[in-house]
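**Student:** As numbered in the working numbering, residues 159 to 444 make up the sequence shown, in order.
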Amino acid sequence: SQSQSKPQSQSKPAMPSEKLLPPFKGENSMFEKDVEKKGVEAMLAALTDDEKNALPDEHMPIRHFRAENGDVKLAIQKIKAALAWRRDFEVDRIVSCFQEGGDHEMRDIISQENDSGKIYVRGFDNDGRAAMYMRPHLENTNNETNNMRHLVYNLEKAIACTRNKSGYEKVNLMIDFEGFTLSKAPPMSTSKFTLDILQKHYPERMFKAYVLNPPFVFRTFWAIIKPFIDPVTKEKIEFCHGKNTAKIVEQRFNLTTVEKCAGGQGDNLKEFKSSEYLAIQFSDTL
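1. Who are the near neighbours of S433 in its chain, counting only those whose CB is closer than 7 Å to its CB and skipping five residues on each side?
2. Leaving aside the five residues before and after I237 along the sequence, list all residues of the same chain whose C-beta is less than 7 Å from its C-beta, in chain order.
3. Hey, could you find the ends of the alpha helix (DSSP H) F379 is sitting in?
4. Counting Cβ pairs closer than 8 Å, one from the stretch 241 to 260 and one from the stretch 369 to 384, do we hit at least three?
5. Identify the continuous beta strand (DSSP E) that holds D334 and give its terminal residues.
6. CB-CB under 8 Å to K342, same chain, minus the five flanking residues each way: which ones, in chain order?
7. Quick check on M332: buried or exposed, where buried means 16 or more other Cβ atoms within 10 Å of its Cβ?
8. Only counting the same chain, and skipping five residues up and downstream in sequence, which positions put a Cβ closer than 6 Å to that of L353?
9. Is N312 closer than 8 Å to V279 when the C-beta atoms are compared?
10. Between P171 and D266, what straight-line distance do the alpha-carbon atoms span, to the nearest angstrom?
11. Per DSSP, what are the beta-bridge partners of C319 in this structure?
12. Could you pull out every residue in the same chain whose Cβ sits closer than 8 Å to the Cβ of K328, ignoring the five residues on either side in sequence?
13. Can you tell which of S269, F247 and T339 has its C-alpha closest to the C-alpha of F376?
14. What is the DSSP secondary structure of G275, counted as helix, strand or coil?
15. What does DSSP give as the partner residue(s) for M364 in the beta ladder?
16. Nearest CA to the CA of I382: which residue from E393, I406 and S349?
17. So what does DSSP say about E434, is it helix, strand or coil?
18. Counting C-beta neighbours from all protein chains within 10 Å, is the total for T443 16 or more, i.e. buried, or is it exposed?
19. Do the CB positions of R251 and A212 come within less than 8 Å of each other?
20. Run through the DSSP bridge pairs and tell me what E417 is partnered with.
21. For N426, is the classification buried or exposed, using 16 other Cβ atoms within 10 angstroms of its Cβ as the cut-off for buried?
22. Between I355 and H308, is the Cβ-Cβ spacing less than 8 Å?
23. Pick out whichever of A318, E336 and N301 has its Cα sitting closest to the Cα of S347.
24. Return the residue from the list T403, F351 and E429 that minimises the CA-CA distance to W243.
Next comes the structure, spelled out in structure tokens:
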């Protein structure tokens, strides 16, 4: 079992206003400080006490404010929806399942989903943002809800690792499409569910997404899902083919710390073992 404390359900003390506002480490303000301050204050005023207590961190309001380009009314709708989703999807239960007293059923689910190494967090970019590897060809179950629980577990872990390492807000996705075929492609509902989670419930959390080794048939899959990806997210996607993979990735990573699929040049990375991965501290990577 792990030593970090379980998420608390009791009321939290009010956050100091300066903590709720930019600038915070690694991110630039999108608007004048007064505009963001007023926006966040309006969002907080629209939240119930229960919703305020459910905020996973003090910067969630400003991330939604920025994601909606300063539209306070829309940002309020989106943050309320995200908080309701976190409650209904039992994110705290997922995150805490390997802690002492954690939920054994959820622990079994995450263990089974993680067994093939289809998603895990390993290493950081040069600024201390965690890298989350995703390998669709290693899919080992067909339970969509449990797939998404496993995605959320690793996404929350990547965020925790980034916060612990550097205090930054965002993470990198390393999506390896080696061995990808259309027959192995996830159902459209799973792809849309994944995009919904990333875009609606974790806005302003993705720094870069590296699409690694996409085969020719990936074009068909990309054409199908592209309309569901918002323009801001599209700008953060880097397509990496062959020799240009290392050139692109090394702009932000030390290549001795990344895996071969991402142009890694080091032989010192341990082989992934799920049992070891799930046993380490939640805010630590392999």
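Ideal placement from N, C-alpha and C gives every residue a C-beta, glycine not left out.
Since the structure is predicted, the reported quantities are computational estimates derived from the model, not experimental observations.
**Tutor:** Per the coordinate set shown:
1. Counting only Cβ-Cβ distances below 7 Å, and skipping sequence neighbours, we find nothing.
2. Excluding positions up to five away in sequence, the list reads M201, M218, P219 and H222.
3. F376 to I383 is the span of the alpha helix (DSSP H), which, as asked, contains F379.
4. No, the stretch 241 to 260 is not in contact with the stretch 369 to 384.
5. First-last of the beta strand (DSSP E) with D334: V329 to D334.
6. Within the same chain, K342 has close Cβ partners P294, H295 and E297.
7. The residue is buried, with at least 16 neighbouring Cβ atoms inside 10 Å.
8. The residues are F386.
9. N312 is positioned such that its CB atom lies closer than 8 Å to that of V279.
10. At P171, the pLDDT of 47 sits below 50, so the modelled position is not reliable; the number obtained from the coordinates is stated separately. Rounded to whole angstroms, P171 to D266 spans 34 Å at the Cα level.
11. For C319, no pairing in a beta bridge is given by DSSP.
12. Non-local beta-carbon contacts of K328 in its own chain, meaning distances under 8 Å to residues more than five positions away in sequence, involve G184, E185, R287, T320, E362, R363, M364 and F365 in chain order.
13. F376 has its Cα closest to that of T339, out of S269, F247 and T339.
14. Coil.
15. V329.
16. Answer by Cα proximity: S349.
17. The answer is helix: DSSP assigns E434 an H, G or I state.
18. Classification of T443: buried, given that the 10 Å Cβ count is 16 or more.
19. With a cutoff of 8 Å on beta-carbon distance, R251 and A212 are scored as not near each other.
20. None; E417 has no bridge partner.
21. Classification for N426: exposed.
22. With respect to H308, I355 sits apart: the two C-beta atoms are not nearer than 8 Å.
23. Answer by Cα proximity: N301.
24. Among T403, F351 and E429, the Cα nearest to that of W243 is on F351.
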